[in-house]
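Number of protein chains: 2
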Amino acid sequence: MNTTMSIAAAVEADPTVPIIRITRDFAATPAQLFRAHTDPELFVRWVGPDGTTTTLDRWDARTGGSWRYVAALNGVEFGFHGCFHEVRPDRIVQTFTWEGDPDGVALETLTFEDLGDGRTRLHAQSLCDSFEARDAWLRSGMEVGVDQGYAKLDALLAAGDIAGTSAGAET
Amino acid sequence: MNTTMSIAAAVEADPTVPIIRITRDFAATPAQLFRAHTDPELFVRWVGPDGTTTTLDRWDARTGGSWRYVAALNGVEFGFHGCFHEVRPDRIVQTFTWEGDPDGVALETLTFEDLGDGRTRLHAQSLCDSFEARDAWLRSGMEVGVDQGYAKLDALLAAGDIAGTSAGAET
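Chains as they are written, first to last, in my numbering: chain A, 82 to 252; chain B, 82 to 252.
If you want it as structure tokens, here you go:
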């Protein structure tokens, strides 16, 4: 039998609305997942496919803040930006634009579901304004980046690099 | 024949995605409509149904900024907030939450289509994450506030209270 350390995220296309839903369990508390998505030094260490170098241009992970980063992969740079509609310990709502399609905007909602025993289920929802835009994302090979990024996040958690609690991250 | 000064906005429910589209023509340039939606002193003078008193709590109408206002009507206060994903002369993209439903978020896109001869067509799109949420907005009587607000904006334009050009509002 072949066992592997990496877990594939469930990536689901909603049948009735132009939404992508990603579900992924982590050996982490909700507070650790919150930190992984808001602490700039942690975020750049796991987001994106293997080999990506992520440079933050703006990062103000608070309700009403905004963000921009550039991801470099194999010599090609990809810019992304958005604003944080809401940042709270159990839920992050933000906008998301890939600058290669500058008028395309998705509304992303992340929630951290405490499963107990130090495990947390991440629910990530991306809402697009058309099925065409949604399906273009699905065809882009995004699962590779999602799975490789989350595997890097698993490794940070296993290495103890993400503290379980931090001031300001608790309800 | 009965003629009236006020024009009803076209309010359309998209059949395939949970979007409301509002279309309304104004005797204004795109720059004037841009100012009406971004200048805080102008915005509070027209937004909302007749009798509303709008008080801005935050207002930073720039890409990456955020906003919050409280609308008082008949002794009842309604809070709204969001962030500005993009603010540019021909297009504003922002998030929108009515605080009576604090986890409900819409993604709003406004574009200003120059019709020539000093007329501009406003296109306002609100994207919700479910048809239920979208249809709740349609059932809320929102058209009354939309039409009365735009009639107030017509009056500001007719009175010459909105300058046609301003530094920073031009492409």
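The beta carbon of each residue, even a glycine, is placed where N, CA and C say it ideally should be.
Within chain B, the residues C164 have their CB atoms less than 7 Å from the CB of F165/A, given in chain order. Secondary structure within the stretch 211-244 of chain B: not one fully enclosed beta strand (DSSP E) run of 3 or more consecutive residues is present. Residues of the stretch 94-109 of chain B with a C-beta less than 8 Å from any C-beta of chain A: T97, V98, P99, I100, listed in chain order. Scanning I103/A, P130/A, F107/A for the CA closest to the CA of A239/A turns up F107/A. Under the 8 Å Cβ criterion, the stretch 160-174 of chain A counts as touching the stretch 177-186 of chain B, having at least three qualifying pairs. When 7 Å is used as the limit between beta carbons, R169/A is near no residue of chain B, the shortest such separation being about 10 Å. Assignment of beta-bridge partners to D106/A by DSSP yields R202/A. For R139/B, a Cβ of chain A is located within less than 9 Å of the residue's own Cβ. At least one C-beta of chain B is nearer than 9 Å to the C-beta of T190/A. V157/A sits exposed, since fewer than 16 C-beta atoms from the chains shown fall within 10 Å of its C-beta. For L191/A and E213/A, the gap between their C-alpha atoms comes out near 22 Å. Excluding five sequence positions before and after Q113/B, the CB atoms of its chain that fall closer than 6 Å to its own CB belong to I243, G245, given in chain order. Taking 3 residues as the minimum length, the beta strand (DSSP E) runs contained wholly in the stretch 137-214 of chain A are 147-154, 157-169, 172-179, 187-197, 200-208, in order along the chain. Between the beta-carbon of A152/B and that of T135/B there is about 5 Å, and that keeps the pair under the 8 Å contact cut.
With at least 16 other beta carbons inside 10 angstroms of its own, L208/A counts as buried. Around the beta carbon of S221/A, fewer than 16 other beta carbons sit within 10 angstroms, so the residue counts as exposed. Look at V151/B: its C-beta is not under 9 Å from any C-beta on chain A. Short of 6 Å from the beta carbon of Q229/B, and not among the five residues preceding or following it, lie these beta carbons of its own chain, in chain order: P130, D131. Going by beta carbons, R105/B and L203/B fall inside the 9 Å limit. Under a criterion of Cβ atoms nearer than 8 Å, the residues of chain A adjacent to V174/B are, in order, T176, V186.
Between W148/B and Y231/B, the C-beta spacing is not below 9 Å.
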